[in-house]
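Chains as they are written, first to last, in the working numbering: chain P, -17 to 458; chain F, -14 to 497.
Beneath this line is the structure, given in structure tokens, with notes to follow.
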Amino acid sequence: MSQNIEEAKKIIAEVLEVYPEKTRKKREKHLNVFEEGKPDCGVKSNIKTVPGVMTIRGCAYAGSKGVVWGPIKDMIHISHGPVGCGQYSWAARRNYYIGTTGVDSFVTMQFTSDFQEKDIVFGGDKKLEKIMDEIQELFPLNKGITVQSECPIGLIGDDIEAVSKKKSKEYDGKTIVPVRCEGFRGVSQSLGHHIANDTIRDWVFDKKKGAEIETTPYDVAIIGDYNIGGDAWSSRILLEEMGLRVVAQWSGDGSIEELINTPKVKLNILHCYRSMNYISRHMEEKYGIPWVEYNFFGPTKIAESLRKIAAFFDDKIRENAEKVIAKYEALTKATVEKYRPRLEGKTVMLFVGGLRPRHVIGAYEDLGMNVIGTGYEFGHNDDYQRTTHYVKDGTIIYDDVTGYEFEKFVEALKPDLVASGIKEKYVFQKMGYPFRQMHSWDYSGPYHGYDGFSIFARDMDMAINNPVWQMAKAPF
Amino acid sequence: MSQNPKHVLDHFNLFREPEYVEMFENKKKNFENPHPQEKVAEIIEWTKTEEYRELNFKREALTVNPAKACQPLGAVFLALGFEETLPFVHGSQGCVAYYRSHLSRHFKEPTSCVSSSMTEDAAVFGGLNNMIDGLANAYAMYKPKMIAVSTTCMAEVIGDDLNAFIKNAKEKGSVPQEYDVPFAHTPAFVGSHITGYDNALKGILEHFWAGKERSETDLINIVMGFDGYSVGNIREVKRILSEMGVNFLLVGDTSDVFDTPTDGTFRMYMGGTRLSDMVEAINAKATVSFQEYNTPKSLEYAASFGQKTLAFQYPIGIRATDRWLMAISELSGKAIPESLKLERGRLVDAVADSTSHLHGKKFALYGDPDQMLGLSEFLMELGAEPVHVLATNGGKEWEERMNALFASSPYGTGCHAWPGRDLWHMRSLLFTEPVDFLIGNTYGKYLERDTGTPLIRIGFPIFDRHHHHRYPTVGYQGAMNVLVKILDKVFDEMDKNTNVPSKTDYSYDIIR
């Protein structure tokens, strides 16, 4: 065992000392140090959060409304229950889209049934029916409705499925999707992703027919890109440049028509494995569509991914992939030449959701930086297995990290950059650490694709090399 | 390819490059099966009509873009205003992630709060074990002096009993028997964030006061209510009261915890009302609230001990400040010092200098009920007209109060209060009865985009402008800040409207 690993294990043991014994036993299974050659990261995951520890996790509603369904732009997503959930998640995730908001697009709006006490006591089904009528009247160009259940719905025994079926029939087979994503289900956002995926399978694929579209041998769908700051766009452009035809974006800047047409594609290309592997596997089983994971963070992984995707197609596409890689070489080189000298050897600690705890590592390495700690908010074992291909020996791994642990790990390892979310941002900045939000890209982006990499590099530089950090300590 | 590391193109400009514009057009045309352009244009126009407004106002069930949040947000906010206090929300954990994000996005500060992380099993069996483990863990890790418990709607629907649970947890040794664990039931399906603030405050008062004897002192308890400007306002009120020499206690003092320095140390706790002072607060001669609709139960509770209670409606402006200063002066027997009279004179001076740019200007505004009363009164003092005043969490009584306020001034003629309405209603109002300016929180920017009404950001949350929470809106100085904020927008719009060379720029005056 290298000295590094031993030291890191000591740090973990010290941090665990704060907990009551029962909690310590639980938490120690989620913390470990990656050792080269091991098949996974040696941590347990996707387990209930211990109460009272300041977890960073959210809930199933956040996974369904906030992540999977919310970005579908031409449908209206009702936050069904009390007002808060929809209010706090209103337009907060930066799922970019093009459309006339309030008329043919609805992503940055907050539709809520604003449950009152009487709805809890007598049930909300009648209200839900009425809401759907009012939506039809006031937003006639909506192409469908989803019902995003908040906690009370499942507890008071409402039958949102019956309401959805009834109203769909009344409105000539309109797409109306009831989603059982109550916040108490599961242990994190993750179950909400799964539930949302399943509702697309059950309420869209099996039931809906779109307008006929021609198909080509080069049809693909982007799965699991939420177009945060335009990520899916700076990805799509590369796929189109290599001659592929992107039939659908799931779900950033996506439309119901795109969802409906996805089973006609030749290949599903999957960015966020965690949130959309379910529907990809379903399409593989039912329609025989293969899927491939890709990573569009940083030039090394982008080139690797373009080749991997191209390998599913003919020589023409393979040659095109090489041309695309060559086309952007100058941009990549200039970006690395400008920023790498400023970032070489800098260390990063990550804690994010979805795919990013592993996917962004390559982009940092392209800039000469090292990720020395990482962990998933709501990852499963298969995420940690995949992580082994990215992390180096001695990387500290923390699953569902608590606020306390994260602070202590950062204090011990003193990285040059902490990259996590809004709840963590100000904690670490107060401590004097440069920080970037890796959910919202700190209101920047896109970070995907070659165009995104230049922005990513610039952002990391301006965080780490910002003059403000030299002034945190008063000279007196 | 347009990206260039020498001048990195951000999302603002990158996606306007021709290769992206073409890509968007093709995506729409080939894959989105869009509505015909003419149809979209027709509906856009229709949403601006009287007919649409009428339908829109007939809504009974659907809420679109409300201007309110849920109870526990207010409870968490209030709890953060006490010495080394950790808010603990019993119920689903996603809620706490939301409150923390929401408050941090506004204040640009950390928000510390824990959840009892209830899941399906707790939904079936109740969340007692979550309370027991949660209190033990929070106590061990974060060593708070007090843990203030509130609830999410999940815990409320299944009927968890906080009083019994906390007792039980203490018996199990989660925290010591004498340890301070005030609590409040804060169901999200009743009221709004201001109700939660009130319930949580009452819970804390009960915790420190219940069953205690009161012997009156000259202390005055001050409660500010839920306020996005708490940092600036609390400091300003403390300054003014100190200048007057009043013996006061700021109850729920969030001014420091939402304004901690960057100096290498993260302070989970900072400032806040001392717990020992809360024990003494029962002896106060009076409890004064700056937001009446924000604190009814707490004031009632204080009154039940024989304290005098007084409530203002988010006093902004000249007369509202006069009133609360005189009231405090009367309560405390302390004179209003000359220095404040000077401040007042300077504010009147500023208003006199600028009033011609405000006189007769029409405003629409939305926010919490007290804030609407305060802002409307100030606008009328400036000779402006608060034409549409909307509070999603306002009720019938608030509406009557607004109407009385309108009736008190010629500038209130033709003005309307809209209780229980949302920002989609406001959109119809702005199209059918346009005004010159809109005052509201960050979400008002969508109304500004759709209707062209310039937005002046005053309210909560403000996510897309920085640091305004550090500046007061109450007191004479606060009114000055609000005045300047309004004037800046008025002048910016004037310049924007007069800057076309050789067409309109004769009015692009250098002196205004």
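Think of the CB as a built atom: it goes at the ideal place given N, C-alpha and C, for glycine as much as any other residue.
- In the DSSP secondary-structure assignment, residue 420 (chain F) is not bridged to any residue.
- The segment 205 to 215 of chain P and the segment -2 to 13 of chain F touch, with no fewer than 3 CB-CB distances between them shorter than 8 Å.
- Between residue 272 (chain F) and residue 208 (chain F), the C-beta gap is smaller than 8 Å, which places the two residues in contact.
- Taking 8 Å as the cut-off, the Cβ atoms of residue 258 (chain F) and residue 252 (chain F) do not count as close.
- Under a criterion of Cβ atoms nearer than 9 Å, no residue of chain F is adjacent to residue 333 (chain P); the nearest Cβ is some 14 Å distant.
- Look at residue 215 (chain P): its C-beta is under 8 Å from a C-beta on chain F.
- The beta carbon of residue 289 (chain P) sits closer than 7 Å to the beta carbons of 303 from its chain, once the five residues preceding and following it are set aside; these are given in chain order.
- Nearest in C-alpha terms to residue 452 (chain P), of all of F:493, F:376, F:247, F:398, is F:247.
- Only residues of its own chain outside the window of five on either side were considered, and among them 342 have a CB closer than 6 Å to the CB of residue 475 (chain F), listed in chain order.
- At least one beta carbon of chain F lies nearer than 8 Å to the beta carbon of residue 91 (chain P).
- Where residue 111 (chain P) is concerned, the enclosing alpha helix (DSSP H) starts and stops at 107 to 120.
- Only 195, 211, 212, 215, 216, 218, 219, 222 from the segment 194 to 225 of chain P bring a Cβ to less than 8 Å from some Cβ of chain F.
- Setting aside the 5 residues that flank it on each side, residue 356 (chain F) is surrounded in the same chain by 299, each with a C-beta closer than 6 Å to its C-beta; the list follows chain order.
- If you check each beta-carbon in the segment 145 to 168 of chain P against every beta-carbon of chain F, the ones closer than 9 Å belong to 164, 165, 166, 167, 168.
- Interface flag for residue 66 (chain P) against chain F is set, since a Cβ pair is found closer than 8 Å.
- CA-to-CA, the gap between residue 36 (chain P) and residue 221 (chain P) works out to about 41 Å.
- For residue 204 (chain F), no beta strand (DSSP E) segment is defined, and its DSSP state is neither H nor E.
- For residue 233 (chain P), the number of other beta carbons within 10 angstroms of its own is at least 16, and it is reported as buried.
- Taking 8 Å as the threshold, the shortest C-beta distance from residue 361 (chain P) to chain F does not fall below it.
- Within the segment 159 to 239 of chain P, the complete beta strand (DSSP E) runs of at least 3 residues fall at 201 to 207, 227 to 233.
- Note that the C-beta distance between residue 0 (chain P) and residue 386 (chain P) is below 8 Å.
- Interface criterion met: the Cβ of residue 79 (chain F) is under 8 Å from a Cβ in chain P.
- Only those residues of the segment 29 to 56 of chain P whose C-beta falls short of 8 Å from the nearest C-beta of chain F are listed: 30, 31, 32, 33, 34, 35, 36, 37, 38, 39, 40, 41, 42, 43, 44, 56.
- Close CB contacts of residue 159 (chain P) within its chain, under the 6 Å cut and outside five residues either way in sequence, are with 128, 181, 185 (chain order).
- Interface annotation, residue 482 (chain F): not in contact with chain P, CB-CB separation never under 8 Å.
- Residue 85 (chain F) has a beta carbon lying within less than 8 Å of a beta carbon in chain P.
- Here residue 31 (chain F) is exposed. Its C-beta has fewer than 16 other C-beta atoms within 10 Å.
- Residue burial is scored here from C-beta neighbours: residue 104 (chain P) has fewer than 16 other C-beta atoms within 10 angstroms and is therefore classed as exposed.
- Bridge partners of residue 322 (chain P) according to DSSP: none are assigned.
- Cβ atoms of residue 55 (chain P) and residue 381 (chain P) stay farther apart than 8 Å, at about 33 Å.
- Following the DSSP letters along the chain, one finds residue 229 (chain F) inside the alpha helix (DSSP H) bounded by residues 215 to 229.
- The three-state secondary structure of residue 277 (chain P), taken from DSSP, is coil.
- One alpha carbon belongs to residue 53 (chain P), the other to residue 45 (chain P), and they sit about 12 Å apart.
- Here the C-alpha atom of residue 142 (chain P) lies approximately 35 Å from the C-alpha atom of residue 9 (chain F).
- When DSSP reads this structure, residue 250 (chain P) sits in a beta bridge with P:203, P:273.
- Residue 228 (chain P) places its beta carbon 8 Å or farther from that of residue 244 (chain P).
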